[in-house]
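Encoded as structure tokens, the structure appears first; notes follow it.
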Amino acid sequence: MAKIELTRNPFIKNAIKSRYPQLAVFIVMLVGYIFAILAGLIGTPVGSHNFSIVFVWIAWWAVLILVAVPFFGRGWCAVCPIPLPGEWLQRGAVLSPPEKRPKWLNLRVPKMFRNIWLQNISFLLLALFSSVLLTTPNITGIVLAVMLFAAIGLSTIFERRAFCRYLCPVGGFIGLYSQTAPIELRIKDKQVCVKCEGKPCYNGSAAGYGCPWDVFPGGLTKNTYCGLCMECIRTCPHDNIAINLRPFSADLAKPSTRMDEAFKAFIMLGSAMIYAGVLLGPWGTLKDAAYGVGTGAWFIYAVVFLAIIFGILPGFFSLGLLKTKSNLPFKQRFASLSTALIPLGLMFWVAFSLSFVLTNASYILAALSDPLGLGWNLFGTANFAWQPMLTTILAPAQTLALVVGLIWSARTAQKSASEAGVSPLPIIFYSFVATSTMLWLLL
Ligand code: SF4
Ligand code: SF4
Ligand code: SF4
Numbered sequence: 157m158a159k160i161e162l163t164r165n166p167f168i169k170n171a172i173k174s175r176y177p178q179l180a181v182f183i184v185m186l187v188g189y190i191f192a193i194l195a196g197l198i199g200t201p202v203g204s205h206n207f208s209i210v211f212v213w214i215a216w217w218a219v220l221i222l223v224a225v226p227f228f229g230r231g232w233c234a235v236c237p238i239p240l241p242g243e244w245l246q247r248g249a250v251l252s253p254p255e256k257r258p259k260w261l262n263l264r265v266p267k268m269f270r271n272i273w274l275q276n277i278s279f280l281l282l283a284l285f286s287s288v289l290l291t292t293p294n295i296t297g298i299v300l301a302v303m304l305f306a307a308i309g310l311s312t313i314f315e316r317r318a319f320c321r322y323l324c325p326v327g328g329f330i331g332l333y334s335q336t337a338p339i340e341l342r343i344k345d346k347q348v349c350v351k352c353e354g355k356p357c358y359n360g361s362a363a364g365y366g367c368p369w370d371v372f373p374g375g376l377t378k379n380t381y382c383g384l385c386m387e388c389i390r391t392c393p394h395d396n397i398a399i400n401l402r403p404f405s406a407d408l409a410k411p412s413t414r415m416d417e418a419f420k421a422f423i424m425l426g427s428a429m430i431y432a433g434v435l436l437g438p439w440g441t442l443k444d445a446a447y448g449v450g451t452g453a454w455f456i457y458a459v460v461f462l463a464i465i466f467g468i469l470p471g472f473f474s475l476g477l478l479k480t481k482s483n484l485p486f487k488q489r490f491a492s493l494s495t496a497l498i499p500l501g502l503m504f505w506v507a508f509s510l511s512f513v514l515t516n517a518s519y520i521l522a523a524l525s526d527p528l529g530l531g532w533n534l535f536g537t538a539n540f541a542w543q544p545m546l547t548t549i550l551a552p553a554q555t556l557a558l559v560v561g562l563i564w565s566a567r568t569a570q571k572s573a574s575e576a577g578v579s580p581l582p583i584i585f586y587s588f589v590a591t592s593t594m595l596w597l598l599l
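The sequence shown begins at 157 in the working numbering and counts up by one.
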């Protein structure tokens with residue numbers, strides 16, 4: 157399938173070039189985010205009746221993992237409110253660049269942190285505490301507030317969006333899976349960039365800011381670190397940037413060789429499987445351990461959680477690679493072939509989320525009418541009774557998602573393995589065993 161340039165359409169182009177449509181969405185999102193913090197802190201402690209739990213962990217999560225990431229990649233980051241207050245403060249403006257910018261420290265993030273290890277750690281921290289996070293409104297409120305203030309703090313110390321690029325626990329996995337999405341932002345003609353003076357897309361100009369994600373758009377080859385903020389479309393004086401529709405998983409044809417990105421794939425794959433066991437499985441002892449934060453059982457749960465992600469999953473994966481002959485160093489082979497786990501992990505999350513979201517979606521209507529659990533009935537739906545939705549199609553839909561993930565992973569493994577000069581069979585077998593385990597956990 158050839159690429160289709162969406163920004164050829166004058167309506168889309170103008171809507172992106174003008175800052176007002178994006179600002180309108182930002183304001184709605186920011187108000188919703190602040191309301192979620194307040195609801196978490198002052199609303200009812202009953203999670204299933206509190207806006208912060210229902211709208212963040214059910215409604216937002218459903219949209220993010222079932223629609224936004226698979227189809228729009230980093231589309232959520234394009235409208236995410238978390239970095240906004242910090243960015244406005246850093247820029248000294250809400251819209252176009254001001255004549256005089258405020259004097260913040262504007263430091264460059266130290267080289268040792270310019271990777272996604274901190275994002276991996278921040279995601280794991282949330283994952284280990286997720287059972288309380290997903291059910292306790294004030295913990296959700298505190299975590300949302302901490303993310304907002306961390307983004308503000310980092311914006312006053314470091315240049316650009318340091319929080320998004322290096323710390324955000326959500327941004328890390330959106331970046332990983334955005335590589336599979338059928339949408340991309342890329343330059344149109346490399347030669348135009350070579351001759352372009354001043355590179356305003358990276359350095360900024362009167363028309364707009366330099367890339368907030370510290371990316372040179374002229375060198376973009378994958379979606380991982382482009383936050384789709386649209387700034388470079390505004391700053392490029394040569395109209396050399398396009399948003400394209402493209403085939404799914406086009407970026408996976410160029411496997412990454414970075415260990416931080418490879419481990420992100422294992423973290424996401426392992427977390428989806430563990431969540432399926434803890435939140436949907438029949439094992440009461442496991443649930444008690446996950447919910448008993450601070451107890452001895454929880455420490456054992458945390459150790460096993462980390463052992464699965466950093467030991468068992470990559471260990472078995474490596475075993476398959478040890479048997480293959482290649483001129484590539486082992487680390488490079490490991491990282492490159494872990495690309496096959498990206499579509500697999502995404503479809504694991506889709507299958508898990510279908511169950512989680514359809515079981516709990518009916519809480520959304522009740523929380524809409526009574527977001528703080530104070531007995532309001534704003535839209536007449538406050539007493540909507542809990543009931544699982546679409547139960548008859550759940551198991552077939554999950555099975556379909558997992559089978560698609562397995563086939564997608566096998567095709568990706570074939571491509572990565574041929575680049576690395578090794579056989580894809582061990583990786584395909586690994587994906588098959590992981591998929592069978594996930595199927596068993598879910599059904
Ligand atoms: S990286 Fe995180 S904070 Fe930044 S825009 Fe994306 S989701 Fe929002
Ligand atoms: S401003 Fe446009 S032409 Fe210049 S380097 Fe950036 S993308 Fe290329
Ligand atoms: S400026 Fe361009 S390349 Fe940088 S994050 Fe925004 S959209 Fe992506």
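Glycine included, each C-beta is placed from N, C-alpha and C at the ideal position.
Closer than 6 Å to some heavy atom of ligand 2: that describes the Cβ of Cys352.
For the alpha helix (DSSP H) assignment, the uninterrupted runs of no fewer than 4 residues enclosed by the region 159-210 are, from N- to C-terminal side, 166-173 and 176-198.
Buried is the label assigned to Asp407, since at least 16 other Cβ atoms lie within 10 Å of its Cβ. Set against 6 Å, the gap from the CB of Trp369 to the closest heavy atom of ligand 3 is smaller. Looking only at Pro338, Met415 and Val235, the smallest Cα-Cα distance to Met185 is reached by Val235. Around the CB of Glu387, 16 or more other CB atoms lie within 10 Å, so the residue is classed as buried. Each residue's CA atom was taken as its position, placing Val559 and Val181 some 36 Å apart.
Collapsing the DSSP output to three states places Glu340 in a strand. For the 7 Å CB-CB criterion, Pro368 and Arg317 form a contact.
Burial check for Asp345: the Cβ neighbour count within 10 Å stays below 16, so the residue is exposed. Taking non-hydrogen atoms of ligand 1 into account, the C-beta of Pro239 is found less than 6 Å away from one of them. One alpha carbon belongs to Asn533, the other to Ser518, and they sit about 15 Å apart.
Around the beta carbon of Val225, a 10 Å sphere encloses 16 or more other beta carbons of the protein chains shown; the residue is thus reported as buried. Here Tyr457 is buried. Its C-beta has 16 or more other C-beta atoms within 10 Å.
One thing to note: Thr495 has its Cβ within 7 Å of the Cβ of Ser572. Under the DSSP assignment, Asn276 falls in the alpha helix (DSSP H) whose first and last residues are Trp273 to Leu284. Relative to ligand 1, Gly327 has its C-beta within less than 6 Å of a heavy atom. With the rule of 3 Cβ pairs closer than 8 Å, the region 376-395 counts as touching the region 318-334.
Ala576 has its alpha-carbon roughly 34 Å from the corresponding atom of Phe319. Taken from the Cβ of Cys388, every heavy atom of ligand 1 lies 6 Å or farther away.
Comparing C-alpha distances from Tyr447 to each of Gly426, Met424, Thr591 and Ser286 shows the shortest one belongs to Ser286. When DSSP assignments are scanned along the region 436-516, the uninterrupted stretches of alpha helix (DSSP H) that are 4 or more residues long and fall wholly within it turn out to be 440-447, 452-463, 469-478, 486-493 and 497-516.
For the region 574-599, the full-length alpha helix (DSSP H) segments reaching 4 residues or more read 581-598 along the chain.
Per the coordinates, the alpha-carbon of Cys352 lies some 18 Å from the alpha-carbon of Leu341. The C-beta separation of Thr593 from Met429 comes to about 6 Å, placing the pair in contact by the 8 Å criterion. Secondary structure of Asn400 (DSSP, three-state): strand.
A distance below 7 Å separates the beta carbons of Leu401 and Ile160. Within the DSSP bridge table, the entry for Leu263 names Phe314 as partners. By the beta-carbon neighbour count (other beta carbons within 10 angstroms, threshold 16), Asp395 is exposed.
With contact defined as three or more Cβ pairs closer than 8 Å, the region 189-205 and the region 291-301 are in contact. Remark: C-beta atoms of Trp454 and Ala463 do not approach each other more closely than 7 Å.
Under DSSP, Gly364 takes part in a beta bridge, and its partners are Ser361. With 16 or more neighbouring CB atoms inside 10 Å of its own CB, Thr568 falls in the buried class. Looking at the backbone, the Cα of Val578 and that of Leu251 are separated by about 51 Å.
Taking a contact to require three or more Cβ pairs closer than 8 Å, the region 464-475 and the region 538-546 do not qualify as touching.
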